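Those protein sequences? They're chains A and B, same order as listed.
Residue 401 in our numbering sits at position 414 of the first sequence; the count goes up by one each step and never skips.
Residue 147 in our numbering sits at position 160 of the second sequence; the count goes up by one each step and never skips.
Glycine included, every Cβ here is placed at the ideal spot set by N, Cα and C.
The structure displayed is predicted, hence computed values, not measured ones.
What follows is a short report on a single structure.
Number of protein chains: 2
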Amino acid sequence: MALRLYDTKTGAIRDFQPLEPGQVSLYYCGATVQGRPHVGHVRSAVAFDILTRWLEASGYRVLSVRNVTDIDDKILEKSAASFRPDFQPQADYPAADPWFALAYRFEQAFTSAYDALGVRRPSYEPRATGHITEMHALIARLIEAGHAYPALDDSGDVYFDVRSWEQYGELTRQSVEDMQDAPDVDPRGKRDPRDFALWKGHKPGEPDSASWESPWGRGRPGWHLECSAMSTKYLGATFDIHGGGLDLRFPHHENELAQSAAAGDGFARFWMHNGMVTFAGEKMSKSVGNTISPEDMLAQARPTAVRYFLGQAHYRSQLDYRPGALQEAEAAVERIENFLSRALPQGDFAAVSELPQSFRDAMDDDLNVPAALAALHETVRAGNTALDRGEDASGAAGQVLAMLDVLGLRDVPEPDGGSGGPALEALIHLVQAQLERRAEAKAAKDYATADAIRSTLTAAGVEVEDTPSGASWSLRSGAAHG
Amino acid sequence: MALRLYDTKTGAIRDFQPLEPGQVSLYYCGATVQGRPHVGHVRSAVAFDILTRWLEASGYRVLSVRNVTDIDDKILEKSAASFRPDFQPQADYPAADPWFALAYRFEQAFTSAYDALGVRRPSYEPRATGHITEMHALIARLIEAGHAYPALDDSGDVYFDVRSWEQYGELTRQSVEDMQDAPDVDPRGKRDPRDFALWKGHKPGEPDSASWESPWGRGRPGWHLECSAMSTKYLGATFDIHGGGLDLRFPHHENELAQSAAAGDGFARFWMHNGMVTFAGEKMSKSVGNTISPEDMLAQARPTAVRYFLGQAHYRSQLDYRPGALQEAEAAVERIENFLSRALPQGDFAAVSELPQSFRDAMDDDLNVPAALAALHETVRAGNTALDRGEDASGAAGQVLAMLDVLGLRDVPEPDGGSGGPALEALIHLVQAQLERRAEAKAAKDYATADAIRSTLTAAGVEVEDTPSGASWSLRSGAAHG
């Protein structure tokens, strides 16, 4: 079976073949860096990280680009607010920051959030404001082709003319008549209220550094334009996959497609959209108070478990968070790790072997991660059964390692787990010595000493569990050790 | 005493007063991201990090900008080489990378190297290729003012006309006659061989994405232009301090100054240059083999000790590396930490107090870090003496913490030290319990048990030292614990 992917534009699962054999070009929408990342952002990043890893595991080279939208109304407003006398410093933005410094601060917050979950960097991460020249060239092509026009009033805006482009609406399969008006501005400057801004004229009071000269007057880019300009600059006029969250399908991606296709570019051959994250079945909302942030999740569970949770649903499904969900993910991760500790007591975690066919089939089927996880847990179960019978399970362990790599579950930095440095090594050594003393005390029926040793370990945060094959231990908030 | 800084341009130490009261604007040259960082890069970053911290400790807000040069001949050459059939993947660049992905990969390597040494991010880190519009505007102003001209041949270059600008050479106090020719290209296109490129015409074979349309033909920025364009965009036409390594003084900074001053900008009010790093007194050189990388240093010593070493000389002096230098730095750091452990046995490392006047005076004197470190070590010595006498030394400890903050020595991530997570907490707990058992055994004259406990600790990498006030311990390769 070869890779098949659901394409939002055609509404069907199609065979995936890249434009250039052996190489996949992938663009997916990153953050507008006007605040800290929320769970939806990191879920999307995990989804496209898994896509990238699966493409690479399938033998493709992947050239991936994720944009940083570093200018928009909110960034400018927040920065302006930070210079007002009544500004209250917040953890998010502790000081008065020019817009570019504010954007850069949040850009770093996004990078940290991705890093904390083992999301690898894309090949390139361009910033919108770095592509003014390319955006001007695209606007000029659209005006020349009769699909864009300078505003009819004196706003200095330039609009895309939706009525001039018959295919407008093709991504979301709706007709112009059914669409909402574009929110940009006063509709008096527009031919049609649904026309959207390619370029926004400079407004009095906005800082000079936040606008650029253009043939249509000083201003700044419209939101949709940057992605058309950057994706085609780095990946070519036609490229393989365009991705993003489902909430970006309309108007953002619809408008991107219209701009690029109307300018004559082939643009994306597949459109992929990941589903939203809900809270106990409901849309998360600050006003309702049913939100959870990536930091909240990381305070509740190990980073690997948070990543497991964020990646476990099918990428097109809603991912529902409810209390307890992260603990279930943690239990699943520990089940896998406990098997690896048993099967590979020497800790030979480099012994990666082939992926099971059931896992490959699942991933090839539009990245069916729930089925892939079922294959992973089945391999763990079978491996444990073999170990219980006294048989070798290193083959199964090698398969498990390979599956974890595709899902990115071995790249999550665990402050206290994994291969962790002299402090952890010393701890492992000392705990082992205490467990040996305890075993000797028990053998000598000196239960007082045995219990005292266990109490000392418990007080230090080391949980001891007695099993038929001896005592095992784990750090209360950390990884299990065999 | 108020802050005084050496200004390269006037060749004198001058009183520093910022243009805007309470706020300092600082631009310093970052990396051309065509390879991994070397020691000179991180030394420069540490120097300007200490400057920033001292300005902040003095009550200023600092708006700092450090550029990323993400296009140049080497980046394009290395990227082109990575696509040739004979390309040998290297740790540095493991795969065929378009120029922008190669630059981004090394940009990340620089960020990691800075992070590993506790160098805080500047307020903003703009990339050269993101400022084509601003560079075009500056070139147009220079042509208009008669200080630049399109090449006399068909190269598509644009040059700065050094003969047209009388002050050319003022930064390095040399006359044009004594200068070397600018290396850019075939001098036939130039009025004078010392004229330098503001814009470089597109050459056949270079990728389309690496050149931009301009009024003078398709091409890419000359190296010097970006810093003039970016510093003034983000900090204003006149700003407080321009910094960089001494090797950038000529031609880079001389040319920046000429461009900006000739265009009518006030530009930098102070020029600060940090000295080079030598190896046993000699210039480091790959061909001689007397080089050491930041990674080599971090393999030899704790990150805090590496940072201490890189910051300990006066920023304008040469910093000489010789074998053993990092171990000396490590001993100095441990002397300080041992004092803190003694003086603050509860680990109350938030109890930062006022800086000693001798330290303030040293820093105000053109950032005299050697004198500031002398003040730090003197405080440690006096504090230890007080403790030996049974007196309280928490005041001295608070001063030491404040001094360490200015020097950035409390922000260096130590994988195994500091406040370090559940594993370290568990370790501290367990070691303490074993040391108590050992003390009880010794009190009961059960030396066999006492020795066995010590052996177990030693085998785990925990070194125990008996002192008059009881046993203290340290991890063999890590921080000391009281």
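Give the DSSP-derived three-state secondary structure of Thr(-3)(B) in the structure shown. Position 10 of the second sequence holds residue -3(B). It is coil, neither helix nor strand.
Contacting residues, own chain, Cβ-Cβ under 7 Å from Gly223(B) (five flanking each side not counted): Reading the second sequence from its first residue, position 236 is the one you call residue 223(B). Within the same chain, Gly223(B) has close Cβ partners Ser12.
Applying the 10 Å Cβ sphere with the 16-neighbour rule, what's the burial state of Ser406(A)? Along the first sequence, read from residue 1 onward, the residue named residue 406(A) stands at position 419. Note that Ser406(A) scores 38 on pLDDT, short of 50, meaning its location in the model is unreliable and no value can be drawn from it.
Looking at chain A, is there any beta carbon in it that lies within less than 9 Å of the beta carbon of Lys187(B)? Mapped onto the second sequence, residue 187(B) falls at position 200. Cβ-Cβ to chain A under 9 Å: no for Lys187(B).
Just tell me which of Lys190(A), Met390(A), Asp36(A) has its CA closest to the CA of Asn261(A). Taking the first residue of the first sequence as 1, we reach residue 261(A) at position 274. Comparing Cα-Cα distances from Asn261(A) to each of Lys190(A), Met390(A), Asp36(A), the minimum goes to Asp36(A).
Which residues in chain A sit within 8 Å of Ser196(B), going by Cβ to Cβ distance? As a working mapping, residue 196(B) is identified with position 209 in the second sequence. Ordered by position in chain A, the residues that pass the 8 Å Cβ test against Ser196(B) are Lys220, Tyr221.
Collapsed DSSP secondary structure at Gly156(A) in the structure displayed: Your numbering for residue 156(A) matches position 169 in the first sequence. Three-state result, Gly156(A): coil.
Tell me the DSSP secondary structure of Gly404(A) in three-state form. The residue labelled residue 404(A) in the question sits at position 417 within the first sequence. Only weak support exists for where Gly404(A) lies, its pLDDT of 46 falling under 50; the value from the coordinates is given anyway. Reduced to three states, the DSSP call for Gly404(A) is coil.
Answer with yes or no whether the minimum CB distance from Ile126(A) to chain B is below 9 Å. What you label residue 126(A) is simply residue 139 of the first sequence in a count that begins at 1. Judged by the 9 Å Cβ criterion, Ile126(A) is not in contact with chain B.
When you compare the CB of Gln77(A) with every CB in chain C, is at least one pair closer than 9 Å? Absent from the structure is chain C; the protein chains it does hold are A and B.
Could you say if the region 82 to 90 of chain A and the region 135 to 148 of chain A meet the contact criterion of at least three C-beta pairs nearer than 8 Å? no
Under DSSP, the alpha helix (DSSP H) around Ile228(A) begins and ends at which residues? Working through the first sequence from its first residue, we reach residue 228(A) at position 241. Unbroken run through Ile228(A) is the beta strand (DSSP E), 225 to 232; no alpha helix (DSSP H).
Quick one: Cα of Val399(B) to Cα of Leu391(B), how far? Indexing the second sequence from 1 puts residue 399(B) at position 412. Indexing the second sequence from 1 puts residue 391(B) at position 404. So the alpha carbons of these two residues sit roughly 11 Å apart.
Taking the alpha-carbon positions, what's the Ala255(A) to Trp186(A) distance? Here residue 255(A) corresponds to residue number 268 of the first sequence, with the count starting at 1. Here residue 186(A) corresponds to residue number 199 of the first sequence, with the count starting at 1. Using only the alpha carbons, I get a separation of about 23 Å.
Check each residue of the region 100 to 126 of chain A: if its Cβ is closer than 9 Å to any Cβ of chain B, include it; give the result in chain order. Arg108, Pro109, Ser110, Tyr111, Glu112, Pro113, Arg114, Thr116, Gly117, His118, Ile119, Thr120, Glu121, His123, Ala124
So, is Phe3(A) buried or exposed, given that buried needs 16 or more other C-beta atoms within 10 angstroms? As a position in the first sequence, residue 3(A) is number 16, starting the count at 1. Classification for Phe3(A): buried.
Taking Val449(A) as the query, report the chain B residues whose CB atoms sit under 9 Å from its CB, ordered along the chain. Sequence index remark: in the first sequence, residue 449(A) carries index 462 (1-based). Neighbours of Val449(A) on chain B, chain order: Ala413, His416, Leu417.
Would you tell me roughly how many angstroms separate the C-alpha atoms of Arg30(A) and Ala68(A), rounded to the nearest one? Stepping through the first sequence from its first residue, residue 30(A) is reached at position 43. Stepping through the first sequence from its first residue, residue 68(A) is reached at position 81. If you take the alpha carbons of Arg30(A) and Ala68(A), they lie about 30 Å apart.
Output needed for Ala34(B): all residues of its chain with C-beta closer than 6 Å, excluding positions within five of it in sequence on either side, in chain order. To locate residue 34(B), count along the second sequence from 1; it is residue 47. The answer, listed in chain order, is Asn261, Tyr302.
Flag Ala83(A) as yes if its beta-carbon sits less than 9 Å from any beta-carbon of chain B, otherwise no. Locating residue 83(A) in the first sequence gives position 96, counting from the first residue. It does: the Cβ of Ala83(A) has a partner Cβ on chain B nearer than 9 Å.
Could you work out which residue in Asp141(B), Gln386(B), His28(B) is closest to Glu282(B) when comparing CA atoms only? The residue given as residue 282(B) occupies position 295 in the second sequence. Nearest option by C-alpha distance: His28(B).
Suppose the cutoff is 8 Å on Cβ atoms and the five residues either side in sequence are ignored; what does the same chain contact list for Leu313(A) look like? Position 326 of the first sequence, counted from the first residue, corresponds to residue 313(A). So the qualifying residues of the chain are Met284, Gln287, Ala288, Ala292, Val293, Phe296.
For Trp41(A), which of Ala78(A), Asp351(A), Ala245(A), His229(A) has the nearest alpha-carbon? Here residue 41(A) refers to the residue found at position 54 when the first sequence is read from its first residue. Nearest option by C-alpha distance: Asp351(A).
Run down chain B in chain order and give the residues with a C-beta less than 8 Å from the C-beta of Gln95(A). Residue numbering aside, residue 95(A) sits at position 108 when the first sequence is read from its first letter. Within 8 Å Cβ-Cβ: Arg108.
At the level of alpha carbons, what is the spacing between Val49(A) and Glu112(A)? Locating residue 49(A) in the first sequence gives position 62, counting from the first residue. Locating residue 112(A) in the first sequence gives position 125, counting from the first residue. Approximately 14 Å, taken between the alpha carbons.
Closest Cβ-Cβ distance between Thr443(A) and chain B: below 9 Å? Position 456 of the first sequence, counted from the start, is the residue given in the question as residue 443(A). Interface residue, yes.
Runs of 4 residues minimum, wholly inside the region 99 to 136 of chain B: which ones carry the alpha helix (DSSP H) assignment? 119 to 131
Where Ala338(A) and Leu414(B) are concerned, what is the direct C-alpha to C-alpha distance, given to the nearest angstrom? Here residue 338(A) refers to the residue found at position 351 of the first sequence. Here residue 414(B) refers to the residue found at position 427 of the second sequence. Ala338(A) and Leu414(B): Cα-Cα distance of roughly 30 Å.
Can you tell me which of Glu317(B), Ala316(B), Gln299(B) puts its alpha carbon nearest to the alpha carbon of Leu354(B)? Translated into positions along the second sequence, residue 354(B) becomes position 367. Checked all of Glu317(B), Ala316(B), Gln299(B); the closest Cα to Leu354(B) is Gln299(B).
Is the CB of Arg48(B) under 9 Å away from at least one CB in chain A? By 1-based counting over the second sequence, the position of residue 48(B) is 61. Output row for Arg48(B): interface = yes.
What residues of chain B sit near Trp199(A), judged by a beta carbon separation below 7 Å? Within the first sequence, the letter at position 212 stands for residue 199(A). In chain order: Thr120.
Is the CB-CB distance between Glu452(A) and Leu444(A) below 9 Å? Numbered from 1 along the first sequence, position 465 holds the residue referred to as residue 452(A). Numbered from 1 along the first sequence, position 457 holds the residue referred to as residue 444(A). No, the Cβ-Cβ distance between Glu452(A) and Leu444(A) is not below 9 Å.
Val163(B) in three-state terms, based on DSSP: Taking the first residue of the second sequence as 1, we reach residue 163(B) at position 176. Three-state result, Val163(B): helix.
Which residues DSSP lists as bridging Ala458(A), in chain order: Translated into positions along the first sequence, residue 458(A) becomes position 471. The partner list for Ala458(A) (beta bridge, DSSP) reads Asp453(A).
Please tell me whether Ala135(B) and Lys177(B) are closer than 9 Å, where the distance is taken between their beta carbons. Working through the second sequence from its first residue, we reach residue 135(B) at position 148. Working through the second sequence from its first residue, we reach residue 177(B) at position 190. Their beta carbons are not under 9 Å apart, which means Ala135(B) does not touch Lys177(B) by this criterion.
Rounded C-alpha distance that separates Ser345(B) from Ile279(B): Numbered from its first residue, the second sequence carries residue 345(B) at position 358. Numbered from its first residue, the second sequence carries residue 279(B) at position 292. Near 34 Å, if we compare the C-alpha coordinates of Ile279(B) and Ser345(B).
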